[in-house]
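>
Here's what the structure looks like:
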């Protein structure tokens, strides 16, 4: 862990994957804005249509685009007291508030939890606390073929927070869990940014 350079592959245009939030998955207290690049958790419910992909009890949303068989890098800007940032298989539960629906709490998802300037990572309900300086900007590098998912704290330098090493078997969807009055925004990146 510590200050790291981005992998060489992340200098390629194809590794900067443009993603948009899927309104059909958004929990009803989540408002999407900025061309479906930003999600905010509010007290007021949004009048979304019923949809089988919608999270019914967990304040979460997934992106429309799946990532499989390739490498991708994203950055997100976080604002507020609590959020989860991660990836999940399409089969992540949507009905109910159990572990089968929560990002990082099951075998179908991997996540970074950001809470009160503290970090922890979680997969299959195993949580590991991370000691690192907090930053509102988080980077994620997914190397699907290698089974690697890395989280970075982004400030004047990049600090590796955690790397999951596994074997991915299905397409993955970037997703967020957002606490009340908190927001997450997907940043627009080009190879020259790093």
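Residue numbers (my numbering): 245 to 438.
C-beta: ideal position from N, C-alpha, C; glycine also.
1. For residue 307 and residue 419, which I take to be in contact (beta-carbon distance under 8 Å), what is that distance rounded to the nearest angstrom?
2. Check whether the Cβ atoms of residue 357 and residue 430 lie closer than 8 Å to each other.
3. Identify whether residue 387 lies in helix, strand or coil by the three-state DSSP scheme.
4. By the three-class DSSP mapping on this structure, what secondary structure does residue 292 have?
5. Thinking just about the alpha-carbon of each residue, which of 344, 297, 401 and 425 is nearest to the one in residue 376?
6. Tell me, to the nearest whole angstrom, how far the beta carbon of residue 411 is from that of residue 326; I am working on the premise that it is less than 8 Å.
7. At which residue ranges does the region 289 to 372 contain complete beta strand (DSSP E) runs of 3 or more residues, listed in the order of the chain?
8. Please look up how many angstroms separate the CB atoms of residue 305 and residue 333, rounded, as I've assumed it's under 8 Å.
9. Could you check if residue 262 is buried or exposed, using at least 16 other CB atoms within 10 Å of its CB as the buried criterion?
10. Using a 10 Å radius around the Cβ and a threshold of 16 neighbouring Cβ atoms, would you call residue 281 buried or exposed?
11. Hey, quick one: how far does the beta strand (DSSP E) through residue 282 stretch, first residue to last?
12. Give every residue of the same chain whose Cβ lies closer than 6 Å to the Cβ of residue 284, excluding the five residues on either side of it in the sequence, and list them in chain order.
13. Counting C-beta neighbours from all protein chains within 10 Å, is the total for residue 378 16 or more, i.e. buried, or is it exposed?
14. List the endpoints of the continuous beta strand (DSSP E) containing residue 409.
Straight from the coordinates:
1. For the purposes of this step, residue 307 is identified with residue 63 of the chain shown, where counting begins at 1. For the purposes of this step, residue 419 is identified with residue 175 of the chain shown, where counting begins at 1. The pair is a contact, with the Cβ atoms about 7 Å apart (cut-off 8 Å).
2. Looking up residue 357 in the chain shown gives position 113. Looking up residue 430 in the chain shown gives position 186. No; because the gap between Cβ atoms is not below 8 Å, this pair is not in contact.
3. The sequence position of residue 387 within the chain shown is 143, counting from 1. Strand, per DSSP.
4. Indexing the chain shown from 1 puts residue 292 at position 48. Coil, per DSSP.
5. The residue labelled residue 376 in the question sits at position 132 within the chain shown. The shortest Cα separation from residue 376 among 344, 297, 401 and 425 belongs to 401.
6. As a first step, residue 411 is located in the chain shown; it is residue number 167 there, counting from the start. As a first step, residue 326 is located in the chain shown; it is residue number 82 there, counting from the start. Between residue 326 and residue 411 the Cβ distance is about 30 Å, and since that is not below 8 Å, they are no contact.
7. If we require 3 residues or more, the beta strand (DSSP E) runs fully inside the region 289 to 372 come out as 304 to 306, 315 to 323, 326 to 332, 353 to 359 and 362 to 367.
8. The count along the chain shown starts at 1 and reaches residue 305 at position 61. The count along the chain shown starts at 1 and reaches residue 333 at position 89. Residue 305 to residue 333, Cβ: 16 Å. No contact.
9. The residue you call residue 262 lines up with position 18 of the chain shown. Exposed is the label assigned to residue 262, since fewer than 16 other Cβ atoms lie within 10 Å of its Cβ.
10. The count along the chain shown starts at 1 and reaches residue 281 at position 37. Buried is the call here.
11. In the chain shown, the residue the question calls residue 282 occupies position 38. 282 to 285 is the extent of the beta strand (DSSP E) around residue 282.
12. Working through the chain shown from its first residue, we reach residue 284 at position 40. For residue 284, same chain residues with a beta-carbon under 6 Å away, outside a window of 5 residues either side, are 275 and 427 in chain order.
13. Mapped onto the chain shown, residue 378 falls at position 134. It counts as exposed.
14. Within the chain shown, residue 409 is the residue found at index 165, counting from 1. Where residue 409 is concerned, the enclosing beta strand (DSSP E) stretches over 402 to 409.
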